[in-house]
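These notes concern the structure reproduced below.
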Amino acid sequence: MKTLEFNADISCKGERLDKWLSEQCEEITRNALHKLIENGGVKVNAIAVPKNYRLKGNEHIEVSVPDPEPLDVLPQNIPIDIVYEDDDLLVVNKPKGMVVHPAAGNPDGTLVNALLYHCHGRLSSINGVIRPGIVHRIDKQTSGLLIVAKNDNSHNLLAEQIKAHSFTREYNAICCGCFKEKAGTVDAPIGRSKYDRKKMCVTEQNSRNAVTHYEVMEEFGQYSFVRFRLETGRTHQIRVHCAYIGHPVYGDEVYGKAVKGLDGQCLHARKVGFIHPVTGEYMEFDSELPEYFVQQLTKLRK
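The sequence shown begins at 1288 in this note's numbering and counts up by one.
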């Protein structure tokens, strides 16, 4: 275990401890800081405090960072579509139906299991033993591109780009109905539903700001082919925002209606763009629509 020490001067008075620390501890994500504070791993003037603690100024802060847990998720020789790879990161094209990381009901067969095998365990440790290397996620029934970090430095620098909204993420989706406005922005906060803890919803309570930009590319009958650009990246953001404005994603069993013969929603992470954490070069990758998506488009066009 290592201990990080900080001094908060009087100018910091009134700031939330978790927010202030997230700006000081570049090597630790905000979610990881929340867990450390909740577990008593952060002390102000030698006293453990809650995560909503507000600084009083002129305080000494100690952050006890535990050693990485031994990885207990097993590598599996599962084929994955690697679009790009170097010593610091990978860009992976995830197929529809593959879970990103192990969780209840999906202990193996995930993208993380495949990555551990492919990278010989060389992945960033920031998100713990279950999500090594995972900088951002996409849902099981969403296909497309995501970035994987091979080391903590790359992970932190990529996460900072997401936080600063400089990380390009574009999606294609088939949505129900025809949009009145052919382009626009949905700016509505997202939080967990108080009626169903497995679902997210637009709410003002215990929520985070969420912004989605959209452009209708094509219309056919009762459906629309839409391009989305994420400004923020909340859980289920596009799916929740589409349902909120009355145009749920086609096939979305959670926020819309299931479609016979289609397992889950027609949503594809088409493009990612970012500044390489080591070279400083802007890189952008595009993924063609997968077969399942093309088949649905062809069917609806007819």
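The beta-carbon is built from N, C-alpha and C at its ideal position, and this holds for glycine as well.
Keep in mind the model is a prediction, meaning the values are calculated, not measured.
Original post:
What three-state label does DSSP hand Asp1390 in the structure shown?
Top reply: Residue 1390 is actually Ala in this sequence, not Asp. Three-state DSSP puts Ala1390 in a strand.
**OP:** Could you check which residue in Glu1505, Cys1312, Glu1372 has the C-alpha nearest to that of Thr1585?
**Re:** Distances from the alpha-carbon of Thr1585 to those of Glu1505, Cys1312, Glu1372 put Glu1505 closest.
Subject >> Residue range of the unbroken beta strand (DSSP E) whose run includes Phe1507 >> reply: That run of the beta strand (DSSP E) goes 1498 to 1507.
Original post:
Are the region 1519 to 1531 and the region 1492 to 1510 touching by the rule of at least three beta carbon pairs closer than 8 Å?
Top reply: Yes, they touch.
Original post:
Is Lys1547 buried or exposed, if buried means 16 or more other CB atoms sit within 10 Å of its CB?
Top reply: Lys1547 comes out exposed.
Original post:
Ends of the alpha helix (DSSP H) at Glu1447?
Top reply: Run containing Glu1447: 1439 to 1450, per the alpha helix (DSSP H) assignment.
Original post:
Mind checking whether Ala1556 and Leu1432 have CB atoms under 8 Å apart?
Top reply: Yes, they are a contact pair.
**OP:** In the DSSP assignment, find the unbroken alpha helix (DSSP H) run with Asn1602 in it and report its ends.
**Re:** Nothing about residue 1602 can be read from this structure; the chain reaches only from 1288 to 1589.
Subject >> Supposed close pair Leu1398, Val1379 - CB separation, criterion 8 Å >> reply: About 7 Å separates the two Cβ atoms, so the contact holds.
Original post:
Between Asp1439 and Ser1480, which are expected to be in contact by the criterion C-beta below 8 Å, what is the C-beta distance as a whole number of angstroms?
Top reply: About 33 Å separates the Cβ atoms of Asp1439 and Ser1480, ruling out a contact at the 8 Å cut-off.
Subject >> Status (buried if at least 16 other CB within 10 Å, exposed otherwise) for Val1536 >> reply: In the assembly as shown, Val1536 is a buried residue. Its beta-carbon has 16 or more other beta-carbons within 10 Å.
Subject >> alpha helix (DSSP H) runs wholly inside the region 1391 to 1435, at least 4 long, in chain order >> reply: Within the region 1391 to 1435, the complete alpha helix (DSSP H) runs of at least 4 residues are 1398 to 1405.
**OP:** Examine the Cβ distances between the region 1461 to 1470 and the region 1327 to 1347 and report whether three or more of them are shorter than 8 Å.
**Re:** Touching, no.
Subject >> Exposed unless 16 or more other CB atoms sit within 10 angstroms - verdict on Tyr1569 >> reply: Around the beta-carbon of Tyr1569, fewer than 16 other beta-carbon atoms lie within 10 Å, marking it exposed.
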